[in-house]
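Here the structure is laid out as structure tokens; the discussion comes afterwards.
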Amino acid sequence: MTTPPRPDRGRRPGGPVEVSGGTFRALGVAAEIADALEANGITETFSIQALTLPLALNGTDIIGQARTGMGKTYGFGVPMLDRLFDDAGVEELDGTVRGLVIVPTRELCLQVTDDLRVAAQNLVVPSPDHEPASERRPFTVTAIYGGVPFDRQTRALEEGTDVVVGTPGRLLDLSRQGFLDLSRVQVLVLDEADEMLDKGFLDDVTAIMTQTSQPRQTMLFSATMPGPIVALTRTFMDRPVLIRADTVTDAATHETTRQIVFQSHKLDRMSVLARILQTDGRGRTIVFARTRRQAAMVANDLAELGFAVGAVHGDMGQRDREASLGAFRDGTVDVIVATDVAARGIDVDDVTHVVNYQSPEDDKTYVHRIGRTGRAGHSGVAVTLVGWDELTRWRAIDDELHLGHQDPPQWFSSSPEFLAEFDLPETVTDRVGPPRRVHGGPSATAPARSSGPRGGERGESAGRPGARRSGGAGARR
1 MTTPPRPDRG RRPGGPVEVS GGTFRALGVA AEIADALEAN GITETFSIQA
51 LTLPLALNGT DIIGQARTGM GKTYGFGVPM LDRLFDDAGV EELDGTVRGL
101 VIVPTRELCL QVTDDLRVAA QNLVVPSPDH EPASERRPFT VTAIYGGVPF
151 DRQTRALEEG TDVVVGTPGR LLDLSRQGFL DLSRVQVLVL DEADEMLDKG
201 FLDDVTAIMT QTSQPRQTML FSATMPGPIV ALTRTFMDRP VLIRADTVTD
251 AATHETTRQI VFQSHKLDRM SVLARILQTD GRGRTIVFAR TRRQAAMVAN
301 DLAELGFAVG AVHGDMGQRD REASLGAFRD GTVDVIVATD VAARGIDVDD
351 VTHVVNYQSP EDDKTYVHRI GRTGRAGHSG VAVTLVGWDE LTRWRAIDDE
401 LHLGHQDPPQ WFSSSPEFLA EFDLPETVTD RVGPPRRVHG GPSATAPARS
451 SGPRGGERGE SAGRPGARRS GGAGARR
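Be aware that the sequence shown starts at 1, since it is given in full-length UniProt numbering, and climbs by one per residue.
Below, the structure written as structure tokens:
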């Protein structure tokens, strides 16, 4: 191999490691991995990657604190692959699991798996039986997650895999059934640890970590560091180095993201949203809803107004969710309505707008949501629609993050201030074309169809296409 040398390969460094360059190759990543990344247009490192790689490639335990969209997947994924493939201090691969990435959701599991497979596409390792001696096989990465039958996943484990990316529940299930042996894991990653805490997975994560081998390298990545996560690092990590790509406040007020906050009455909110989506220069857009029912209703109403829209929420089957996410990534739809959990797999760098259909629950949710735009050097717009009964919640978020939007103005879809803010003409209407279907199959709108009369939080009784929307098409500008 032609990998540039790096000091103390496979040993913990005794002091700070300086970033040696702006590319993966310059930082000493194996040529096979650097070639694969470059073939996919990935050359320059992001901040979290440049800071993490010199330490992680030497086996140091890492705590990475960075918002969504900072490039942390390759911050932990590249050193994991590199060390398992080419580190003398790591036991030779033989088809047993040596790398484990624990993630909070199925969507993120699939996204991380895809990213690791891209980086590993040039890696070949000895066959497990070594017969004949020259036999080689591709390096394998396997996704393990719930909501799908066990058969395919157990078959992959029985055939042998080098890295597993999985959600806590399914990992524990397969481990307890004897299909998944974690005793030889030598590189362990917890991704979005604070989200796993929020979802009540911490006990499962602890149970999984206790099954792994010692010594091992452990890397933990999280946007925030609540007390239980700090306690976890003290229990399972060996002298970890804390790397901050930015602080939580910096993440929320990131200079590449323009934040717009205003009060919106629930009976006018669909009209407000429909008009925001006609903003000049708008590209891929994520609309966050608080509940599965609301996500289904908002997606259905937007589709009836002519928008190309998909949905991802917990009432959708895995296949439908993947189809909807795929349509968003390939541009078939340019709007996706999502709940927070389902949105974890939306790993798209060129999202131009994020819209909070209601005030988020708390400051962490706000940070995670708006981190979906303004990524990878792009600029973005984050719009938050605050209900008139949500001011207390919003002010708590504003206080924590110092956003400067303590008293958001009250705007309607026809307010001159609203139209001026989004550079919309007075003639704009809600409808942009004939009704469409929501991408994601029947389950995408099932909660809306089964929930009885419309109304409630989303103001959908006034948000349906009707008298106010029949006056012509608001052409996309």
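All C-beta atoms, glycine included, are put in the ideal place defined by N, C-alpha and C. Keep in mind it's a predicted model, so treat the numbers as computed, not measured.
{"Query": "For glycine 64, the three-state DSSP class (helix, strand or coil)", "Result": "strand"}
{"Query": "Straight-line gap, threonine 224 to threonine 427 (C-alpha atoms, nearest Å)", "Result": "44 Å"}
{"Query": "Rounded C-alpha distance that separates alanine 34 from alanine 156", "Result": "27 Å"}
{"Query": "Contact check, valine 165 vs valine 124, beta carbons under 8 Å", "Result": "no"}
{"Query": "Three-state class that DSSP yields for glycine 77 in the structure shown", "Result": "helix"}
{"Query": "Alpha-carbon to alpha-carbon, methionine 316 and isoleucine 370", "Result": "24 Å"}
{"Query": "Status (buried if at least 16 other CB within 10 Å, exposed otherwise) for serine 183", "Result": "exposed"}
{"Query": "Three-state secondary structure assigned by DSSP to glutamate 158", "Result": "helix"}
{"Query": "Unbroken beta strand (DSSP E) run spanning arginine 321, endpoints", "Result": "Counting along the chain, arginine 321 falls outside any beta strand (DSSP E), though it belongs to the alpha helix (DSSP H) covering 318-330."}
{"Query": "Arginine 321 to threonine 105 span [Cα, whole Å]", "Result": "12 Å"}
{"Query": "Rounded C-alpha distance that separates glutamine 153 from alanine 420", "Result": "53 Å"}
{"Query": "Inter-residue Cα distance where the pair is glycine 169 and aspartate 398", "Result": "35 Å"}
{"Query": "DSSP state of proline 126 mapped onto helix, strand, coil", "Result": "strand"}
{"Query": "DSSP three-state assignment for asparagine 40, whether helix, strand or coil", "Result": "coil"}
{"Query": "Neighbourhood of threonine 113 by C-beta, 6 Å cutoff - its chain only, sequence neighbours within 5 removed", "Result": "Val141, Ala143 and Val165"}
{"Query": "Where the beta strand (DSSP E) through glycine 99 begins and ends", "Result": "99-102"}
{"Query": "Stretch pair the segment 349-369 + the segment 281-290: three plus CB contacts closer than 8 Å", "Result": "yes"}
{"Query": "Distance between alanine 31 and aspartate 87 (C-alpha atoms, nearest Å)", "Result": "14 Å"}
{"Query": "Inter-residue Cα distance where the pair is valine 381 and aspartate 173", "Result": "41 Å"}
{"Query": "Nearest-angstrom Cα separation, counted from aspartate 389 out to isoleucine 42", "Result": "45 Å"}
{"Query": "Per-residue DSSP class, three states only, for glycine 456", "Result": "Residue placement at glycine 456 is flagged as unreliable, the pLDDT there being 37, under the threshold of 50; the coordinate-derived value follows with that caveat. The answer is helix: DSSP assigns glycine 456 an H, G or I state."}
{"Query": "Those residues which DSSP pairs with arginine 258 across a bridge", "Result": "Val381"}
{"Query": "Anticipated Cβ contact below 8 Å, alanine 50 with alanine 296, distance rounded", "Result": "Actually they do not touch by this definition, with Cβ atoms about 41 Å apart."}
{"Query": "Arginine 244 - containing beta strand (DSSP E), residue span", "Result": "241-244"}
{"Query": "Residue environment, alanine 36, which counts as buried when at least 16 other CB atoms sit within 10 Å", "Result": "buried"}
{"Query": "Exposure of glycine 310, with buried meaning 16 or more beta-carbon neighbours within 10 Å", "Result": "buried"}
{"Query": "Burial state of leucine 242, where buried means 16 or more other Cβ atoms lie within 10 Å", "Result": "exposed"}
{"Query": "Neighbour-count burial assignment, histidine 402, 16 or more Cβ in a 10 Å radius", "Result": "exposed"}
{"Query": "Nonlocal neighbours in the same chain, by C-beta distance under 7 Å from aspartate 363, ignoring five residues either side", "Result": "Ile397, Glu400 and Leu401"}
{"Query": "Beta-carbon spacing of glycine 77, leucine 116 below 8 Å", "Result": "yes"}
{"Query": "Residue nearest to glutamine 211 in terms of C-alpha spacing, selected from Gly178, Ser222, Gln121 and Gly227", "Result": "Gly178"}
{"Query": "Status (buried if at least 16 other CB within 10 Å, exposed otherwise) for aspartate 301", "Result": "buried"}
{"Query": "Residue environment, proline 360, which counts as buried when at least 16 other CB atoms sit within 10 Å", "Result": "buried"}
{"Query": "Beta strand (DSSP E) runs contained entirely in the segment 200-226, provided each spans 3 or more residues", "Result": "217-222"}
{"Query": "Candidates Val163, Phe418 and Gly374, of which the one nearest aspartate 268 by Cα", "Result": "Phe418"}
{"Query": "Distance, glutamine 278 Cα to asparagine 58 Cα", "Result": "49 Å"}
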